[in-house]
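To convert, count from 1 in the sequence shown and add 391; that's our numbering.
Beta carbons: idealized from backbone N, C-alpha and C, even for Gly.
If you're wondering where the values come from, they're calculated on a predicted model, not measured in any experiment.
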Amino acid sequence: MKHLQDHWYGLLTLLLVLGLTGCGATKTVGTTTAKQYDTYSIAFYNMENLFDTQDDPDNSGDDDFLPTGPYAWTQKQYEQKLDNLARVISLLGRENTPYGPAFIGTSEIENRRVLEDLVTRDAIKGMGLKVIHEDGPDRRGIDVAALYNPNIFELERYEYIPFKWDENPDFVTRDQLHAYGKIAGEQIHFIVLHWPSRYGGSKSSPLREAAARTTLSIVQKIQASDPDANIVIMGDLNDDPTNVSVSEVLNAKKKRSEVPNQGLYNPSASLFEKGVGTLVYQNKWNFFDQMMVSRHLISKESGLRLWKMEVFDRDFLITQEGKRKGYPHRTFENNSFINGYSDHFPVLIYLLKER
C-alpha cells in the first residue's frame with residue numbers, strides 16, 4: 392500500500408526553487424535548481440449541528456434535532472445535509488492534492504453514526520474515509536471528531552483529553568482530540584478542538600483561556616518526548632488569532648521568524664489581518680476556525696513542511712441573497728431548513744515533502 396501511495400501521489404508535484412519559504416510556491420521548469428515535492432492537505436470543518444433524527448435518551452442535547460423538536464428535523468433533511476457536506480469534502484484541497492485531505496478534523500458532531508453515514512454518501516464513498524469519534528460530556532451533545540484517509544495517513548493512536556478549569560472543576564465542555572500517525576513515513580500529531588462558546592460575552596473569555604491551557608499541555612507533553620514533533624492544531628476556537636487564548640496562552644506567532652524553539656506558528660493570523668474570516672458572529676466576520684503548526688513544520692530540517700493555508704470559501708458555500716448575503720450558507724434560518732452547508736467555512740493547510 393505504501394508503494395502504491397508513493398506512486399499515485401508522485402503524479403502530483405510542485406516544482407519549487409531552493410529558496411522555498413512555505414508562504415507560497417514559485418514554480419520552475421527545466422532548471423537544475425528545481426526540486427520536486429509531493430503535496431498533502433489537512434482540513435478542519437465545523438459541520439454545524441450534525442445530528443441524526445434518532446432520540447438518544449442519554450443525550451438531552453439532541454432534543455431540538457428530532458422530528459418533534461423545534462427544528463422539525465426529518466430524515467430527508469438529515470440526508471440532504473449529509474449530501475451537502477459530502478460535496479464539500481469531495482472538493483477540499485483538490486486543486487493541489489488529487490485524493491483530497493489526509494485528515495479532516497470536525498466539530499459539532501452528535502455521535503459516531505452521523506460520520507459513518509457521511510462517509511458512505513456517493514460523493515465521497517470512494518475515498519474510503521475512516522472515523523475517529525468518542526462521545527464526550529458536552530451539554531449540547533456535540534463532540535470533536537475526525538475523518539482520515541488510511542491510504543495517506545496511517546493512524547497509530549488517538550486519545551481524548553478532558554477540559555480542565557481549576558476555578559470551576561464542575562464545568563464541562565468538549566474534550567480535545569489528539570491523534571497521531573504517519574504521512575509519507577513522517578510522524579505527525581493532530582489536535583482537534585472546539586473551545587467554549589462566547590455565550591455570556593466577555594465573561595466567557597476565561598473559559599477559552601483555560602481550554603488553551605489544556606491544548607498547550609497536550610503540545611508540551613508531545614514535545615517532552617520529541618522536541619521536533621510535527622504538530623497541527625485545528626479547531627473552532629470561538630476566538631480570533633488576536634485574542635488572549637491564542638496570542639498569549641498559546642503564544643502562537645503571526646510571523647515565522649518570531650516562532651521560538653518548540654513554539655507555534657499561526658498562519659490564520661495573517662489571513663485574519665487581511666480581513667479574511669471563516670464565519671460571521673454578531674454581524675462581524677471572525678476567524679474562529681484556525682490552524683496552527685509547531686515550529687518544526689516550518690523549519691528546513693523537517694521532512695514535512697508547511698506550504699500555505701486557505702479558507703475554502705467557494706461560491707456555492709456562500710449565501711447569494713437576503714440579509715445574510717455573502718455569509719456562509721448555513722443549514723437553518725430561524726429554525727427553518729434552508730438546505731445549506733454550515734455557518735462556518737472549512738479551512739485547509741498544505742504540507743510538502745521533498746521527493
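Exercise. Smallest Cα separation from Ile543: which of Tyr436, Arg647 and Tyr431?
Worked result: As a position in the sequence shown, residue 543 is number 152, starting the count at 1. Of the listed residues, the one whose Cα sits closest to Ile543 is Tyr431.
Problem set entry | Thr710 versus Ser733, Gly592 and Asn652, residue with shortest Cα-Cα distance | The residue given as residue 710 occupies position 319 in the sequence shown. Its Cα nearest to that of Thr710, the residue Ser733 stands out among Ser733, Gly592 and Asn652.
For this session: Compute the Euclidean distance between the alpha carbons of Lys744 and Ala575, then round it to the nearest angstrom.
Result: The sequence position of residue 744 within the sequence shown is 353, counting from 1. The sequence position of residue 575 within the sequence shown is 184, counting from 1. Approximately 8 Å between the Cα atoms of the pair.
Exercise. Is the stretch 563-571 close to the stretch 527-537, with three or more CB pairs under 8 Å?
Worked result: In short, these stretches touch, since the Cβ pair count reaches three.
Exercise. For Phe349, is the classification buried or exposed, using 16 other Cβ atoms within 10 angstroms of its Cβ as the cut-off for buried?
Worked result: Shown here, the chain extends from 392 to 746; a query on residue 349 therefore has no answer.
For this session: For Ala660, collect the residues of the same chain with a Cβ closer than 6 Å to its Cβ; drop the 5 residues on either side in sequence, then sort them by chain order.
Result: Working through the sequence shown from its first residue, we reach residue 660 at position 269. Correct list, in chain order: Pro632 and Lys645.
Exercise. Do Phe679 and Leu688 have their C-beta atoms closer together than 8 Å?
Worked result: By one-based count along the sequence shown, residue 679 stands at place 288. By one-based count along the sequence shown, residue 688 stands at place 297. It is not a contact, given that the beta carbons lie outside the stated cut-off.
Problem set entry | Coil, strand or helix - Gln468 by DSSP | Within the sequence shown, the letter at position 77 stands for residue 468. Helix at Gln468.
Exercise. Taking the continuous alpha helix (DSSP H) assigned at Val610, which residues delimit it?
Worked result: Translated into positions along the sequence shown, residue 610 becomes position 219. Unbroken alpha helix (DSSP H) run through Val610: Ser596 to Ser616.
Exercise. Is the CB-CB distance between Ile579 and Ile609 below 8 Å?
Worked result: Your numbering for residue 579 matches position 188 in the sequence shown. Your numbering for residue 609 matches position 218 in the sequence shown. Result no, Cβ atoms of Ile579 and Ile609 do not sit closer than 8 Å.
For this session: Could you tell me if Ala643 is buried or exposed, where buried requires 16 or more neighbouring beta carbons within 10 angstroms of its beta carbon?
Result: Residue 643 sits at position 252 when you count from the first residue of the sequence shown. A residue is called buried when at least 16 other Cβ atoms come within 10 angstroms of its Cβ; Ala643 meets this threshold and is buried.
Problem set entry | Integer Cβ distance of Gln681 from Val623, believed to fall under 8 Å | As a working note, residue 681 is residue 290 in the sequence shown. As a working note, residue 623 is residue 232 in the sequence shown. Incorrect: roughly 11 Å between the Cβ atoms, too far for contact.
Problem set entry | Between the CA atoms of Gln567 and Ile552 - distance to the nearest angstrom | On the sequence shown, position 161 is the one that residue 552 refers to. On the sequence shown, position 176 is the one that residue 567 refers to. Taking the straight line joining both Cα atoms gives about 5 Å.
For this session: With Ala536 as the anchor, note down where its beta strand (DSSP E) starts and where it stops.
Result: In the sequence shown, counting from the first residue as 1, residue 536 sits at position 145. It spans Asp534 to Tyr539 - the beta strand (DSSP E) in which Ala536 sits, taken as one unbroken run.
For this session: Would you kindly report the start and end of the unbroken alpha helix (DSSP H) that includes Arg504?
Result: The residue labelled residue 504 in the question sits at position 113 within the sequence shown. That run of the alpha helix (DSSP H) goes Arg503 to Leu509.
For this session: Evaluate the contact criterion for the stretch 441-451 versus the stretch 468-479: three or more CB pairs, one atom per stretch, below 8 Å.
Result: yes
Exercise. Mapping DSSP to helix, strand and coil, what is Ala660?
Worked result: Position 269 of the sequence shown holds residue 660. DSSP places Ala660 in helix when its eight states are reduced to three.
Exercise. Which ranges would you report for the beta strand (DSSP E) in the stretch 507-591 if only whole runs of at least 3 residues count?
Worked result: Runs of the beta strand (DSSP E) inside the stretch 507-591: 521-523, 534-539, 544-552, 567-574 and 577-585.
Exercise. Just the Cα atoms here: how many angstroms apart are Gly452 and Asn502?
Worked result: Within the sequence shown, residue 452 is the residue found at index 61, counting from 1. Within the sequence shown, residue 502 is the residue found at index 111, counting from 1. So the alpha carbons of these two residues sit roughly 12 Å apart.
Exercise. Do Met683 and Leu662 come within 8 Å of each other at the CB atom, strictly closer than that value?
Worked result: As a working mapping, residue 662 is identified with position 271 in the sequence shown. As a working mapping, residue 683 is identified with position 292 in the sequence shown. No, the pair does not count as a contact, with Cβ atoms beyond the cut-off.
Exercise. Closest to Gly694 by CA distance: which of Leu742, Gly668, Phe723 and Asp704 is it?
Worked result: One-based indexing of the sequence shown puts residue 694 at position 303. Taking only the C-alpha atoms, the option nearest Gly694 is Leu742.
Problem set entry | Proximal residues to Ala603 (C-beta, below 6 Å), its chain only, five neighbours per side dropped | Indexing the sequence shown from 1 puts residue 603 at position 212. Here the set comprises Ser636, Val640 and Leu641.
Exercise. Ends of the beta strand (DSSP E) at Phe494?
Worked result: Walking along the sequence shown from the start, residue 494 turns up at place 103. Counting along the chain, the beta strand (DSSP E) containing Phe494 begins and ends at Phe494 to Ile500.
Problem set entry | Buried versus exposed, by CB contacts within 10 Å (16 or more), Pro448 | Numbered from 1 along the sequence shown, position 57 holds the residue referred to as residue 448. Pro448 is exposed by the Cβ-count criterion.
Exercise. Quick one, which of Ala536, Ser588 and Gly484 has its alpha-carbon nearest His569's?
Worked result: Within the sequence shown, residue 569 is the residue found at index 178, counting from 1. Of Ala536, Ser588 and Gly484, the residue nearest in Cα terms is Ala536.
For this session: Pull up the DSSP beta-bridge partners for Pro737, would you.
Result: By one-based count along the sequence shown, residue 737 stands at place 346. Its beta-bridge partners do not exist; DSSP assigns none.
Exercise. Per DSSP, what kind of secondary structure is Gly413 in: helix, strand or coil?
Worked result: Counted from its first residue, the sequence shown places residue 413 at position 22. The pLDDT assigned to Gly413 is 34, lower than 50, so where the model puts this residue is not dependable, and the model offers no usable value.
Problem set entry | Cut-off 6 Å between Cβ atoms - residues of its own chain near Ile729, not counting five sequence neighbours on either side | Numbered from 1 along the sequence shown, position 338 holds the residue referred to as residue 729. Hits under 6 Å: none found.
Exercise. DSSP puts Glu724 in a beta bridge; with which residues?
Worked result: Here the question's residue 724 lines up with position 333 in the sequence shown. According to DSSP, which records beta bridges pairwise, Glu724 is partnered with Ser727.
Exercise. So, Val510 versus Lys516, is the Cβ gap smaller than 8 Å?
Worked result: Taking the first residue of the sequence shown as position 1, residue 510 is located at position 119. Taking the first residue of the sequence shown as position 1, residue 516 is located at position 125. In this structure, Lys516 lies closer than 8 Å to Val510 by Cβ.
Exercise. If you count every other CB in all the chains shown that lies within 10 Å of the CB of Gly401, and 16 or more means buried, which is it?
Worked result: Position 10 of the sequence shown, counting from 1, holds the residue named residue 401. Residue placement at Gly401 is flagged as unreliable, the pLDDT there being 40, under the threshold of 50; a coordinate-derived value is accordingly withheld.
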